[in-house]
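Numbering (the UniProt record's numbering), first residue to last: 1 to 128.
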């Protein structure tokens, strides 16, 4: 079996998100995906992302750091965006904020099956 380069797959996944190409999401995300240890499935994952883009119209994923091995990817993502209203329980209301997200992915069959995400909420609080 050919070895899958997860860093290349992950970069394709991020490009898919930034294009909001939801029809291709299943190419990168497993049907049985879990987010922070909760099974949400591909449809729930897509709904979560669509909601994020609806609430943050200028959302764009920037890879700051990417580490991968044969089963997992660790990434530090950077964001500079303007959430429309309440974001992470904070009254952002259209103010431009910058923050990072540390996220870990476990892959199965070349697609994301587990996602563990921590967003730097304190960085947003400091800007409000």
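Think of the CB as a built atom: it goes at the ideal place given N, C-alpha and C, for glycine as much as any other residue.
Cβ-based burial, residue i [other Cβ within 10 Å; buried from 16]
i, result
"residue 80", "exposed"
"residue 114", "buried"
"residue 1", "Since pLDDT at residue 1 reaches only 42, below the 50 mark, its modelled position is unreliable, and the value read off the structure follows with that caveat. Per the 10 Å Cβ criterion, exposed."
"residue 86", "exposed"
"residue 73", "buried"
"residue 130", "Only positions 1 to 128 of the chain appear in this structure, which leaves residue 130 out of reach."
"residue 43", "exposed"
"residue 83", "buried"
"residue 10", "buried"
"residue 111", "buried"
"residue 118", "exposed"
"residue 30", "buried"
"residue 128", "exposed"
Bridge partner(s) assigned by DSSP for residue i
i, result
"residue 90", "87"
"residue 40", "DSSP, once it has assigned bridges, lists no residue as partnering residue 40."
"residue 72", "106"
"residue 67", "74"
Cβ separation of residue i and residue j, assumed to be a contact under 8 Å, to the nearest whole Å
i, j, result
"residue 90", "residue 124", "6 Å"
"residue 75", "residue 65", "6 Å"
"residue 99", "residue 120", "5 Å"
Beta strand (DSSP E) segment containing residue i, residue limits
i, result
"residue 114", "111 to 119"
"residue 10", "Looking at the DSSP string, residue 10 is not in any beta strand (DSSP E); the run it does join, the alpha helix (DSSP H), is 6 to 19."
"residue 35", "29 to 35"
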